[in-house]
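J.: First the structure, which I've put down as structure tokens, then a few questions once you've had a look.
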Amino acid sequence: MKTLPPEWELVHQQASEFIESNRDSLLNSPSTLQIINSICSNIISHPNEEKFRKIRLANPKFNEFVMNVPGAINLLFLCGFEIDDQNEYLIIKPGNLNMNDLQALVHVIQDYITIKSSTSTTKSNTLHPSQPTSSSCCSTDQEMEERRRKLLEEKKKIQAEKDKIKQQLNADKEERKYLPSGVSSKKTKKPESNSKKTFKDIGVDLSSQGGG
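Residue numbers for the sequence shown follow UniProt numbering, beginning at 1 and rising by one.
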């Protein structure tokens with residue numbers, strides 16, 4: 001079996017789990033995986049064209065074969081898709097566009113499409129070819145779960161760092177709105193309005209100086 005690029009592993013594993021968890025609905029639907037595969041493949045081929053990153057939820061075909069099929073929409077969420085504020089479109093914003101995630105999902109889906117085609121032809125009841133037998137699956141499953149956990153933790157750390165930087169940039173931007181032009185925010189702390197200094201505060205003790 002060909003080794004996957006490390007950048008694919010997280011989405012590849014999650015997508016496989018989603019499909020296995022909803023195997024009956026996803027594999028029995030005649031067009032679901034093909035539609036998702038086409039959506040992702042079009043974006044990979046045309047990453048700068050917005051029309052491929054925007055899908056109307058009311059589209060009859062998309063509604064029937066993706067929105068109404070358990071587990072299907074989750075596959076697109078894995079790759080950065082989200083529903084817009086008006087609940088009209090499924091979109092993927094440029095900042096969320098990750099080619100590795102899309103390629104990983106396409107890889108998984110194409111495997112399952114091939115399997116579905118072969119099983120429907122032979123009418124067999126065999127398991128997924130890559131699925132280990134029950135006697136040997138335990139250690140493999142544990143290893144995969146541990147790898148998945150580590151990848152999830154790493155992705156969360158990266159996202160948390162990105163969020164932290166974004167919040168700091170937004171805070172700096174907000175602060176600069178109230179500064180005079182050309183003045184740095186570090187130099188603009190206003191003195192306390194009621195901070196009146198005495199001679200003693202500035203180091204002059206009048207009581208120690210005799211009258212002339």
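No residue lacks a Cβ here, since even glycine has one placed at the ideal position from N, Cα and C.
Between residue 82 and chain C, is the shortest Cβ-Cβ distance under 9 angstroms, so that the two count as touching?
T.: Checking the listed chains, one finds no chain C in this structure; it contains a single protein chain.
J.: Does the Cβ-Cβ distance between residue 81 and residue 72 come in under 9 angstroms?
T.: Walking along the sequence shown from the start, residue 81 turns up at place 81. Walking along the sequence shown from the start, residue 72 turns up at place 72. Cβ atoms of residue 81 and residue 72: not closer than 9 angstroms.
J.: Between the stretch 6–26 and the stretch 96–112, can you find at least three pairs of beta-carbon atoms closer than 8 angstroms?
T.: With a cut-off of 8 angstroms, the stretch 6–26 and the stretch 96–112 count as touching, because enough Cβ pairs lie within range.
J.: How far does the beta strand (DSSP E) with residue 73 in it extend, from its first residue to its last?
T.: Within the sequence shown, residue 73 is the residue found at index 73, counting from 1. From DSSP, residue 73 is part of no beta strand (DSSP E) but of the alpha helix (DSSP H) over 72–78.
J.: To which residues of the same chain is residue 101 closer than 6 angstroms at the C-beta, ignoring the five residues directly before and after it?
T.: Mapped onto the sequence shown, residue 101 falls at position 101. Excluding positions up to five away in sequence, the list reads 11, 79.
J.: Can you name the start and end residues of the alpha helix (DSSP H) that residue 23 belongs to?
T.: Walking along the sequence shown from the start, residue 23 turns up at place 23. Element bounds for residue 23: 23–28.
J.: So, for residue 3: in the same chain, excluding its five sequence neighbours on each side, which residues have a beta-carbon less than 8 angstroms away from its beta-carbon?
T.: As a working mapping, residue 3 is identified with position 3 in the sequence shown. Nothing listed; no residue qualifies.
J.: Using the rule of at least 16 other Cβ atoms within 10 Å of the residue's Cβ for burial, across every protein chain shown, is residue 103 buried or exposed?
T.: As a position in the sequence shown, residue 103 is number 103, starting the count at 1. Buried, because 16 or more other Cβ atoms sit within 10 Å of the Cβ of residue 103.
J.: Who are the Cβ neighbours of residue 31 in its own chain at under 6 angstroms, not counting the five residues just before and after it?
T.: Against the sequence shown, residue 31 aligns to sequence position 31. Within the same chain, residue 31 has close Cβ partners 65.
J.: Taking the runs of the alpha helix (DSSP H) that are 4 residues or longer, which of them lie wholly in the UniProt domain "PUB" (32–97)?
T.: Here the runs fully enclosed are 32–45, 72–78.
J.: Any contact between the stretch 23–30 and the stretch 82–90? By contact I mean 3 or more CB pairs, one from each, below 8 angstroms.
T.: These segments do not touch.
J.: Since I believe residue 44 is in contact with residue 99 (beta carbons under 8 angstroms), could you give me their beta-carbon distance rounded to a whole number of angstroms?
T.: Counting from 1 along the sequence shown, the entry for residue 99 is found at position 99. Counting from 1 along the sequence shown, the entry for residue 44 is found at position 44. Right, their Cβ atoms sit about 6 angstroms apart.
J.: Given a threshold of 16 other Cβ atoms within 10 Å of its Cβ, counted over all protein chains shown, does residue 56 qualify as buried or as exposed?
T.: Within the sequence shown, the letter at position 56 stands for residue 56. The residue is exposed, with fewer than 16 neighbouring Cβ atoms inside 10 Å.
J.: Measuring straight from C-alpha to C-alpha, what distance separates residue 39 and residue 171?
T.: By 1-based counting over the sequence shown, the position of residue 39 is 39. By 1-based counting over the sequence shown, the position of residue 171 is 171. Their backbone Cα atoms lie some 37 angstroms apart in a straight line.
J.: Classify residue 3 as helix, strand or coil using the three-state DSSP reduction.
T.: Sequence index remark: in the sequence shown, residue 3 carries index 3 (1-based). Correct three-state label for residue 3: coil.
J.: Taking residue 90 and residue 75 to be in contact with their CB atoms under 8 angstroms, please state how far apart those CB atoms are, rounded to whole angstroms.
T.: For the purposes of this step, residue 90 is taken as the residue at position 90 of the sequence shown. For the purposes of this step, residue 75 is taken as the residue at position 75 of the sequence shown. In fact, because the Cβ distance is near 12 angstroms, the residues do not count as touching under 8 angstroms.
J.: Taking residue 51 as the reference, give the member of 93, 106, 29 with the closest Cα.
T.: Your numbering for residue 51 matches position 51 in the sequence shown. Residue 51 has its Cα closest to that of 93, out of 93, 106, 29.
J.: Can you give me the C-alpha to C-alpha distance between residue 41 and residue 105, rounded to a whole angstrom?
T.: Numbered from 1 along the sequence shown, position 41 holds the residue referred to as residue 41. Numbered from 1 along the sequence shown, position 105 holds the residue referred to as residue 105. Distance between the alpha carbons of residue 41 and residue 105: 10 angstroms.
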